[in-house]
Ligand SMILES: Nc1nc2c(ncn2[C@@H]2O[C@H](COP(=O)(O)OP(=O)(O)OP(=O)(O)O)[C@@H](O)[C@H]2O)c(=O)[nH]1
Ligand SMILES: Nc1nc2c(ncn2[C@@H]2O[C@H](COP(=O)(O)OP(=O)(O)OP(=O)(O)O)[C@@H](O)[C@H]2O)c(=O)[nH]1
Ligand SMILES: [Mg+2]
Ligand SMILES: [Mg+2]
């Protein structure tokens with residue numbers, strides 16, 4: 001564990017009194033390795049370590065000794081600060097409030113859409129699930145089946161095969177039926193697919209969603225920065241949802257996504273069932289990343 | 001690398017960044033950096049181009065010197081069990097494999113053993129139709145092992161060359177789900193000794209270090225015979241394959257490079273190594 005490794009680093013230099021910058025460097029190197037092993041992006045780690053060094057060296061000149069635990073505390077606090085000090089909820093302030101879910105193939109958008117509907121229903125609202133994925137085999141059936149579990153009807157696109165027009169029509173449908181929240185499930189796509197990214201831009205400009213949430217797999221590695229920055233540049237996302245956190249991935253993607261977009265991680269998926277959605281807790285994520 | 005005897009530290013840092021950002025991980029990166037130092041020692045005039053060439057060769061040799069092919073049973077059907085965590089691309093990969101084998105004139109049958117996820121059976125049924133192959137399916141919620149049993153019976157009765165079994169995505173940390181897939185494997189083995197002849201783990205190219213843990217746990221549970229890395233058409237490099245190959249020595253057989261039924265290619269180590277350095 002990181003605390004174990006830091007203990008042995010500091011044990012070596014204990015009894016030398018005041019720590020030198022080079023001593024902190026060795027400890028900080030261990031922190032860097034831990035973050036890389038946790039899938040935090042290489043460049044994000046670089047910037048983060050610089051911030052930690054500044055803090056650590058500052059502290060040591062005050063006190064003369066900086067034990068491993070204290071360094072971990074600095075790192076932990078710095079991680080929490082970076083990832084957003086407290087959990088932020090969804091902005092559901094228009095009527096109907098439109099939530100758009102976007103992300104790579106298989107990240108968990110369709111399942112998360114249903115989970116969001118459940119969460120929103122619990123708050124006394126009336127959600128409409130909208131299947132904007134006209135490409136994937138049985139995508140509509142998947143959302144309909146999840147809707148049935150929820151006891152919620154899913155918007156029927158009819159013969160419409162255009163994602164943007166389905167979305168637009170669903171909002172009119174919601175207004176006509178006094179449904180106050182529209183959840184748009186979109187097809188998975190690569191951030192480097194120009195045409196499909198343009199489709200999302202068109203959807204955004206047509207509907208002005210209150211929330212554009214990047215649904216990202218918690219086990220994503222170094223590529224998380226490329227994915228997040230592309231979706232953010234194209235859409236100015238309002239936040240992210242990290243899925244599959246019920247596994248044993250350290251989840252460094254959480255830090256990468258926040259660092260590169262500046263947008264908060266709002267919710268996390270912690271299982272395959274419709275209730276398996278929670279608020280994002282930066283302090284828990286920080287501990288998890290540090291291992 | 002100006003031939004002045006000392007290694008260019010800036011180039012080392014640049015290479016280290018390349019390796020780490022390719023998801024190779026800390027250990028493999030350190031090992032490759034050691035290789036770089038070795039190459040520099042043994043070949044004093046080695047420029048940047050020559051170095052990259054050596055490294056590509058090193059990576060390719062770690063990944064397996066030749067493209068690994070599907071195991072084939074000496075008496076049909078060859079049974080292929082496909083497993084992996086949620087959303088990696090198993091169902092799509094199965095459809096691609098089915099189309100590939102079908103195009104080779106083989107008789108292919110699919111088994112819809114993901115009886116859990118919403119519309120999983122519908123999804124595979126549609127893909128089976130697109131690939132022009134038949135499928136054995138029960139109702140949603142049926143016992144996965146029971147479906148597998150029926151599928152093996154059908155494959156034998158109908159003289160199929162291949163039976164490809166789709167399973168539900170499952171996190172390797174969920175003991176009961178790992179037990180379930182072991183049961184599916186046992187049921188297949190009971191019906192056809194030696195089957196499944198191929199147990200393929202499908203990994204998502206965007207997954208980081210956790211892919212190694214996934215491979216370890218699925219290997220421990222089932223004994224993997226091959227790996228497919230899907231979604232290599234994105235920007236992720238899939239460098240974790242080096243650690244997996246080094247630690248577990250499981251052959252990497254195919255790569256998925258798109259969502260279409262033709263988007264499956266045999267894994268070619270030298271191509272993969274070349275792409276890492278682009
Ligand atoms: N364990 C776990 N599985 C999840 C979670 N969220 C989604 N899944 C599973 O991940 C897989 C993919 O989920 P989908 O909802 O189909 O993903 P998607 O992003 O809609 O996929 P595409 O539409 O093909 O891009 C399914 O097996 C889900 O059950 C989660 O939080 N935990
Ligand atoms: N770009 C790209 N997308 C892929 C590839 N392979 C699969 N996909 C997409 O990834 C998503 C998930 O694929 P599935 O085949 O449903 O994945 P799965 O592993 O069966 O998912 P679960 O059964 O829910 O665990 C779908 O949108 C596929 O089209 C690939 O090689 N490249
Ligand atoms: Mg979907
Ligand atoms: Mg599947």
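Residue numbers (the numbering used here), protein chains in the order written: chain A, 1 to 291; chain B, 1 to 278. Cβ atoms here follow ideal geometry from the backbone N, Cα and C, with glycine treated the same way.
In angstroms with no decimal places, state the Cα-to-Cα distance between residue 219 of chain A and residue 250 of chain A.
One C-alpha to the other measures close to 8 Å.
Does any residue of chain E bring its CB to less than 8 Å from the CB of residue 244 of chain A?
Going by chain labels, chain E is absent from the structure shown, which instead holds the protein chains A and B.
Among all the DSSP beta bridges, which residues are the ones paired with residue 226 of chain B?
According to DSSP, residue 226 of chain B bridges with B/200.
Please report the straight-line C-alpha distance between residue 22 of chain A and residue 268 of chain A, rounded to a whole angstrom.
Cα-Cα distance, rounded: 39 Å.
Ignore the nearest five residues each way along the sequence and tell me which others in residue 3 of chain B's own chain have a CB closer than 8 Å to its CB.
Any reading at residue 3 of chain B needs caution, since the residue's pLDDT is 48, under 50, leaving its predicted position unreliable; the model's value is listed next. Excluding residues within five positions, the ones whose Cβ falls inside 8 Å are 44, 45.
Does any C-beta atom of chain B lie closer than 8 Å to the C-beta of residue 192 of chain A?
Chain B contact via Cβ: present.
Cβ of residue 51 of chain A within 7 Å of any heavy atom in ligand 1?
No, the beta carbon of residue 51 of chain A sits no closer than 7 Å to any heavy atom of ligand 1.
Going by beta-carbon coordinates alone, are residue 242 of chain A and residue 280 of chain A separated by less than 8 Å?
In contact: residue 242 of chain A and residue 280 of chain A (Cβ atoms closer than 8 Å).
DSSP state of residue 161 of chain B, grouped into three classes?
DSSP places residue 161 of chain B in coil when its eight states are reduced to three.
At the 8 Å Cβ level, is residue 20 of chain B part of the contact set with chain A, yes or no?
It does: the Cβ of residue 20 of chain B has a partner Cβ on chain A nearer than 8 Å.
Run down chain B in chain order and give the residues with a C-beta less than 7 Å from the C-beta of residue 137 of chain A.
Simply 123, 126, 127.
For the region 181-214 of chain A, list the alpha helix (DSSP H) runs that are entirely contained and at least 4 residues long, ordered along the chain.
Taking only runs of at least 4 residues, the alpha helix (DSSP H) segments lying wholly in the region 181-214 of chain A are 194-207.
Cα separation between residue 160 of chain A and residue 213 of chain B?
Spanning the two alpha carbons is a distance of roughly 43 Å.
Whose Cβ in chain B lies nearer than 8 Å to the Cβ of residue 42 of chain A?
17, 20, 21, listed in chain order.
Quick check: the region 182-194 of chain B against the region 198-205 of chain A, are there 3 or more CB pairs under 8 Å?
Contact between the region 182-194 of chain B and the region 198-205 of chain A is absent, because fewer than three Cβ pairs lie under 8 Å.
CA-CA distance, residue 189 of chain A and residue 135 of chain A?
Looking at the two C-alpha atoms, the distance is approximately 11 Å.
Since residue 220 of chain A sits in a beta bridge, which residues does DSSP pair it with?
Looking at the DSSP assignment, residue 220 of chain A forms a beta bridge with B/207.
Between residue 249 of chain A and chain B, is there a C-beta pair that is closer than 8 Å?
So yes, residue 249 of chain A belongs to the interface.
Closer than 8 Å, CB to CB, is residue 16 of chain A near chain B or not?
With a pLDDT of only 47 at residue 16 of chain A, under the threshold of 50, the placement of this residue in the model should not be trusted; the figure read from the coordinates follows. No, its Cβ sits nowhere closer than 8 Å to a Cβ of chain B.
Of all the residues that make up the region 193-215 of chain B, which are near chain A by a beta-carbon distance shorter than 9 Å?
If the cut-off is 9 Å between Cβ atoms, the region 193-215 of chain B has 204, 205, 206, 207, 208, 209, 210, 211, 213, 214 near chain A.
Please report the Cβ distance between residue 101 of chain A and residue 181 of chain A, rounded to the nearest whole angstrom; I am assuming they are in contact, meaning their Cβ atoms lie under 8 Å.
Actually they are not in contact, since the Cβ atoms of residue 101 of chain A and residue 181 of chain A sit about 13 Å apart, beyond 8 Å.
What are the start and end residues of each continuous alpha helix (DSSP H) run of 4 or more residues lying completely inside the region 80-155 of chain A, in chain order?
The region 80-155 of chain A contains these whole alpha helix (DSSP H) runs: 109-122, 139-150.
What did DSSP end up calling residue 95 of chain B once you bin it into helix, strand or coil?
It is helical.
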